[in-house]
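Encoded as structure tokens, the structure appears first; notes follow it.
2 protein chains.
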Amino acid sequence: MKKLKEASTEEKIKEAARRVFTEKGYSGTRTRDIAQEAGINLALLNYYFRSKQKLFEEVMLEKVIKLFGLLSPVFYNSDSNLEEKFEEIANLYIDMLLENPTLPTFVLSELAKGHFAIEIPLKEMITNSVLADQIKKQNPDIDPIQFLFSLLGLVVFPFIGKPAFRQFGLTTETDFTKLMQARRRLIPVWATAILHS
Amino acid sequence: MKKLKEASTEEKIKEAARRVFTEKGYSGTRTRDIAQEAGINLALLNYYFRSKQKLFEEVMLEKVIKLFGLLSPVFYNSDSNLEEKFEEIANLYIDMLLENPTLPTFVLSELAKGHFAIEIPLKEMITNSVLADQIKKQNPDIDPIQFLFSLLGLVVFPFIGKPAFRQFGLTTETDFTKLMQARRRLIPVWATAILHS
DNA sequence: GTCTATATTCCGATAGAC
DNA sequence: GTCTATCGGAATATAGAC
Numbered sequence: 001m002k003k004l005k006e007a008s009t010e011e012k013i014k015e016a017a018r019r020v021f022t023e024k025g026y027s028g029t030r031t032r033d034i035a036q037e038a039g040i041n042l043a044l045l046n047y048y049f050r051s052k053q054k055l056f057e058e059v060m061l062e063k064v065i066k067l068f069g070l071l072s073p074v075f076y077n078s079d080s081n082l083e084e085k086f087e088e089i090a091n092l093y094i095d096m097l098l099e100n101p102t103l104p105t106f107v108l109s110e111l112a113k114g115h116f117a118i119e120i121p122l123k124e125m126i127t128n129s130v131l132a133d134q135i136k137k138q139n140p141d142i143d144p145i146q147f148l149f150s151l152l153g154l155v156v157f158p159f160i161g162k163p164a165f166r167q168f169g170l171t172t173e174t175d176f177t178k179l180m181q182a183r184r185r186l187i188p189v190w191a192t193a194i195l196h197s
Numbered sequence: 198m199k200k201l202k203e204a205s206t207e208e209k210i211k212e213a214a215r216r217v218f219t220e221k222g223y224s225g226t227r228t229r230d231i232a233q234e235a236g237i238n239l240a241l242l243n244y245y246f247r248s249k250q251k252l253f254e255e256v257m258l259e260k261v262i263k264l265f266g267l268l269s270p271v272f273y274n275s276d277s278n279l280e281e282k283f284e285e286i287a288n289l290y291i292d293m294l295l296e297n298p299t300l301p302t303f304v305l306s307e308l309a310k311g312h313f314a315i316e317i318p319l320k321e322m323i324t325n326s327v328l329a330d331q332i333k334k335q336n337p338d339i340d341p342i343q344f345l346f347s348l349l350g351l352v353v354f355p356f357i358g359k360p361a362f363r364q365f366g367l368t369t370e371t372d373f374t375k376l377m378q379a380r381r382r383l384i385p386v387w388a389t390a391i392l393h394s
């Protein structure tokens with residue numbers, strides 16, 4: 001019978017690493033910060049994970065999957081129509097991003113810096129999807145990638161822009177949450193309108 | 198008569214700093230990289246700018262203005278209607294971002310990390326703008342900030358998502374440029390559709 | 001103004017005791 | 001497995017000659 005109330009040392013380190021890396025990025029993170037946040041000693045970090053880089057890669061892989069893994073089940077759902085798929089995506093993402101507001105900036109910024117390289121060929125996964133078929137049937141002229149930029153932009157961009165908007169006095173934390181809750185119902189409507197124009 | 202072909206040392210450092218900071222972020226940048234990129238010695242950097250932080254702040258201020266300064270002239274243009282304003286914004290941003298594709302990720306990521314704090318109260322600048330009036334007249338129910346998230350998301354997000362999309366094999370450099378050129382004409386249509394729905 | 005050399009702090013990683 | 005102590009290198013910043 002495993003103890004439930006206390007995580008293993010390895011997991012404590014990883015959980016601390018998730019927080020610190022996401023907040024400060026790879027270069028801004030010091031392994032000492034992670035150790036302190038985990039309540040353990042610096043040496044243990046290198047005992048469990050060989051290096052800062054290795055630990056980062058484990059965390060980063062999780063985060064990439066967390067950010068983009070939501071898509072494929074929806075893309076391949078053959079029981080829902082287009083507008084229902086937009087609802088699913090809006091709801092799944094807004095739920096997850098309200099819990100993890102700094103995730104997109106972290107992942108996209110680190111991918112841009114090349115600190116992490118994975119080769120996941122999604123091109124065919126997307127072009128063969130049910131969603132791609134439904135889009136093509138609805139509007140054969142639009143490029144699916146063009147549309148995907150728009151859909152994801154509508155969902156994800158507010159979370160990326162929020163720190164700037166806050167500094168400029170354009171929104172507060174509670175206002176932002178309300179805006180995102182309202183956005184759930186707006187995004188499917190907007191995405192449909194975009195697709196038909 | 199000033200020489201035109203050779204920039205001053207101070208400007209050479211600053212120009213190098215713009216490149217390196219934008220590429221690697223504040224924490225990932227070493228002052229040695231900037232010095233080497235500028236073709237000068239490390240000591241000169243501290244001679245002209247007191248510290249890495251000071252130099253960063255000067256660069257960052259420029260970049261924030263470059264990213265958000267495009268908006269106010271359009272917001273206060275009383276000679277254009279809504280759809281024309283959307284056209285202006287799409288064209289200005291896409292021109293600028295094709296020249297500076299890494300600018301948004303850099304600025305928004307560094308603002309999120311709190312490496313830079315400016316207090317620019319834009320709240321009133323926006324709510325008092327001609328654009329805000331025109332939006333309210335067109336659709337009194339939509340929150341202007343909600344709409345601004347959408348408009349900027351449509352324009353800016355592709356540039357933030359591009360590195361990920363490239364790694365996933367969803368786009369190439371030349372494909373991306375074509376998509377963005379097509380996007381100029383699409384965004385005004387989409388923004389209008391969003392506003393009316 | 002510009003350089004070389006160096007002071008000083010910081011950080012990732014390891015040695016070695018328990 | 002976990003800790004303390006420390007090594008070795010890297011990074012910012014400055015001293016001082018020219």
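Chains A and B, in that order, are what the protein sequence lines are. Everything in the first sequence is counted per our numbering, starting at 1 for the first residue and increasing by one. Everything in the second sequence is counted per our numbering, starting at 198 for the first residue and increasing by one. All residues carry an ideal CB built from backbone N, CA and C; glycine is no exception. It should be emphasised that the depicted structure is a prediction, and the values quoted were computed from it without experimental measurement.
| task | Consider the Cβ of residue 1 of chain A: report whether some Cβ of chain B lies at a distance smaller than 7 Å. | result | Walking along the first sequence from the start, residue 1 of chain A turns up at place 1. Residue placement at residue 1 of chain A cannot be trusted, given a pLDDT of 43 that sits under 50; what the coordinates show is reported in the next sentence. Taking Cβ atoms only, chain B never reaches closer than 7 Å to residue 1 of chain A, which makes this a no.
| query | How would you call residue 101 of chain A, buried or exposed, if buried means at least 16 neighbouring beta carbons within 10 angstroms? | reply | As a working note, residue 101 of chain A is residue 101 in the first sequence. Classification of residue 101 of chain A: buried, given that the 10 Å Cβ count is 16 or more.
| Considering only residues of the region 28-79 of chain A, which uninterrupted alpha helix (DSSP H) runs meet the minimum length of 4 residues and lie entirely inside it, listed in chain order? | 31-38, 42-48, 52-68, 71-75, all fully within the region 28-79 of chain A.
| said: For the structure I just gave you, are there three or more beta carbon pairs, one from the region 256-274 of chain B and one from the region 296-310 of chain B, closer than 8 Å? | reply: Taking 8 Å as the limit for Cβ pairs, the verdict is that the region 296-310 of chain B does touch the region 256-274 of chain B.
| field | Span of the alpha helix (DSSP H) around residue 122 of chain A | value | In the first sequence, the residue the question calls residue 122 of chain A occupies position 122. Per DSSP, residue 122 of chain A lies in no alpha helix (DSSP H) segment and is marked neither H nor E.
| task | Answer with buried or exposed for residue 127 of chain A, where buried requires no fewer than 16 other C-beta atoms within 10 angstroms of its C-beta. | result | As a first step, residue 127 of chain A must be located in the first sequence, where it is residue number 127. By the neighbour-count rule (16 or more Cβ atoms within 10 Å), residue 127 of chain A is not buried but exposed.
| task | Leaving aside the five residues before and after residue 286 of chain B along the sequence, list all residues of the same chain whose C-beta is less than 6 Å from its C-beta, in chain order. | result | Position 89 of the second sequence, counted from the first residue, corresponds to residue 286 of chain B. Cβ within range, chain order: 271.
| message | Buried or exposed for residue 188 of chain A, going by 16 or more other Cβ atoms inside 10 Å? | response | Along the first sequence, read from residue 1 onward, the residue named residue 188 of chain A stands at position 188. Residue 188 of chain A is buried by the Cβ-count criterion.
| 8 Å CB neighbourhood of residue 142 of chain A in its chain, flanking five on each side removed | For the purposes of this step, residue 142 of chain A is taken as residue 142 along the first sequence, with counting starting at 1. Counting only residues of its own chain and dropping the five nearest sequence neighbours on each side, residue 142 of chain A has a CB closer than 8 Å to the CB of 135, 195.
| For residue 172 of chain A, is the classification buried or exposed, using 16 other Cβ atoms within 10 angstroms of its Cβ as the cut-off for buried? | By 1-based counting over the first sequence, the position of residue 172 of chain A is 172. Label assigned to residue 172 of chain A: exposed.
| query | Which bits of chain B does residue 123 of chain A rub up against, with CB to CB less than 8 Å? | reply | Locating residue 123 of chain A in the first sequence gives position 123, where the first residue counts as 1. Residues of chain B passing the Cβ test: 365, 366, 367.
| said: Please list the terminal residues of the continuous alpha helix (DSSP H) segment that includes residue 312 of chain B. | reply: Locating residue 312 of chain B in the second sequence gives position 115, counting from the first residue. According to the DSSP assignment, residue 312 of chain B belongs to no alpha helix (DSSP H), since it is labelled neither H nor E.
| Is residue 9 of chain A helix, strand or coil by DSSP? | Indexing the first sequence from 1 puts residue 9 of chain A at position 9. Looking at residue 9 of chain A - three-state DSSP - the assignment turns out to be helix.
| said: Is any non-hydrogen atom of the ligand GTP found closer than 6 Å to the C-beta of residue 320 of chain B, if you look at the structure I gave you? | reply: As presented, the structure is devoid of all ligands, the ligand GTP included, so that no description of it is given.
| said: Please tell me whether residue 355 of chain B has its Cβ less than 7 Å away from any Cβ of chain A. | reply: Translated into positions along the second sequence, residue 355 of chain B becomes position 158. Look at residue 355 of chain B: its C-beta is under 7 Å from a C-beta on chain A.
| query | How would you label residue 54 of chain A, buried or exposed, when you count the other beta carbons within 10 angstroms and need 16 or more for buried? | reply | Against the first sequence, residue 54 of chain A aligns to sequence position 54. Flag for residue 54 of chain A reads exposed.
| request: Return the CA-CA distance between residue 146 of chain A and residue 84 of chain A, expressed in angstroms with no decimal places. | output: For this step, residue 146 of chain A is matched to residue 146 along the first sequence. For this step, residue 84 of chain A is matched to residue 84 along the first sequence. Rounded to whole angstroms, the gap between the alpha carbons of residue 146 of chain A and residue 84 of chain A is 20 Å.
| field | Beta-carbon neighbours of residue 390 of chain B, restricted to chain A and to distances below 7 Å | value | Mapped onto the second sequence, residue 390 of chain B falls at position 193. By Cβ distance, chain A contributes 193, 194, 197.
| query | Out of curiosity, what's the CA-to-CA distance linking residue 114 of chain A and residue 336 of chain B? | reply | As a first step, residue 114 of chain A is located in the first sequence; it is residue number 114 there, counting from the start. As a first step, residue 336 of chain B is located in the second sequence; it is residue number 139 there, counting from the start. So the two alpha carbons sit approximately 43 Å from each other.
| field | From A:133, A:22, A:183, residue whose alpha carbon lies closest to that of residue 66 of chain A | value | Mapped onto the first sequence, residue 66 of chain A falls at position 66. Per the C-alpha coordinates, the member of A:133, A:22, A:183 positioned closest to residue 66 of chain A is A:22.
| If you draw a straight line from the alpha carbon of residue 80 of chain A to that of residue 234 of chain B, how long is it in whole angstroms? | In the first sequence, residue 80 of chain A corresponds to position 80, counting from 1. In the second sequence, residue 234 of chain B corresponds to position 37, counting from 1. Distance between the alpha carbons of residue 80 of chain A and residue 234 of chain B is about 54 Å.
| Shorter than 7 Å from the beta carbon of residue 163 of chain A to some beta carbon of chain B? | The count along the first sequence starts at 1 and reaches residue 163 of chain A at position 163. Yes - at least one Cβ of chain B is within 7 Å of the one on residue 163 of chain A.
| request: Identify each residue in the region 228-248 of chain B for which the Cβ-Cβ distance to at least one residue of chain A is less than 7 Å, and report them in chain order. | output: Within the region 228-248 of chain B, no residue has a Cβ that lies closer than 7 Å to any Cβ of chain A.
| Whether residue 161 of chain A touches residue 320 of chain B by CB criterion (7 Å) | Position 161 of the first sequence, counted from the first residue, corresponds to residue 161 of chain A. Position 123 of the second sequence, counted from the first residue, corresponds to residue 320 of chain B. Their beta carbons are not under 7 Å apart, which means residue 161 of chain A does not touch residue 320 of chain B by this criterion.
| Three-state secondary structure assigned by DSSP to residue 393 of chain B | One-based indexing of the second sequence puts residue 393 of chain B at position 196. In the three-state reduction of the DSSP assignment, residue 393 of chain B falls in the coil class.
| Can a CB atom of chain B be found closer than 7 Å to the CB of residue 90 of chain A? | Your numbering for residue 90 of chain A matches position 90 in the first sequence. It does not; no Cβ of chain B falls within 7 Å.
| Residue range of the unbroken alpha helix (DSSP H) whose run includes residue 129 of chain A | In the first sequence, residue 129 of chain A corresponds to position 129, counting from 1. According to the DSSP assignment, residue 129 of chain A belongs to no alpha helix (DSSP H), since it is labelled neither H nor E.
| query | Looking at C-beta atoms only, is the number of pairs between the region 176-193 of chain A and the region 372-385 of chain B that lie closer than 8 Å three or more? | reply | No, they do not touch.
| field | Minimum Cβ-Cβ distance from residue 69 of chain A to chain B less than 7 Å | value | Taking the first residue of the first sequence as 1, we reach residue 69 of chain A at position 69. With 7 Å as the cut-off, residue 69 of chain A does not count as an interface residue toward chain B.
| said: Just to make sure I have the definition right: I need the residues of chain A whose C-beta is within less than 9 Å of the C-beta of residue 262 of chain B. Which are they? | reply: Residue 262 of chain B sits at position 65 when you count from the first residue of the second sequence. Result: empty, since nearest Cβ-Cβ is about 12 Å, beyond 9 Å.
| message | Could you check whether the Cβ of residue 224 of chain B sits closer than 7 Å to any Cβ belonging to chain A? | response | Within the second sequence, numbered from 1, the residue matching residue 224 of chain B stands at position 27. With 7 Å as the cut-off, residue 224 of chain B counts as an interface residue toward chain A.
| field | Close-in-space but distant-in-sequence residues of the same chain around residue 3 of chain A (CB under 8 Å, 5 per side omitted) | value | Position 3 of the first sequence, counted from the start, is the residue given in the question as residue 3 of chain A. Unreliable placement is indicated for residue 3 of chain A, whose pLDDT of 46 sits below 50; no coordinate value is reported for it.
| query | In whole angstroms, what is the alpha-carbon distance linking residue 290 of chain B and residue 129 of chain A? | reply | If you number the second sequence from 1, residue 290 of chain B lands on position 93. If you number the first sequence from 1, residue 129 of chain A lands on position 129. Distance between the alpha carbons of residue 290 of chain B and residue 129 of chain A: 32 Å.
| field | C-alpha gap between residue 14 of chain A and residue 261 of chain B, whole angstroms | value | Counted from its first residue, the first sequence places residue 14 of chain A at position 14. Counted from its first residue, the second sequence places residue 261 of chain B at position 64. If you draw a straight line from the Cα of residue 14 of chain A to the Cα of residue 261 of chain B, it comes to about 34 Å.
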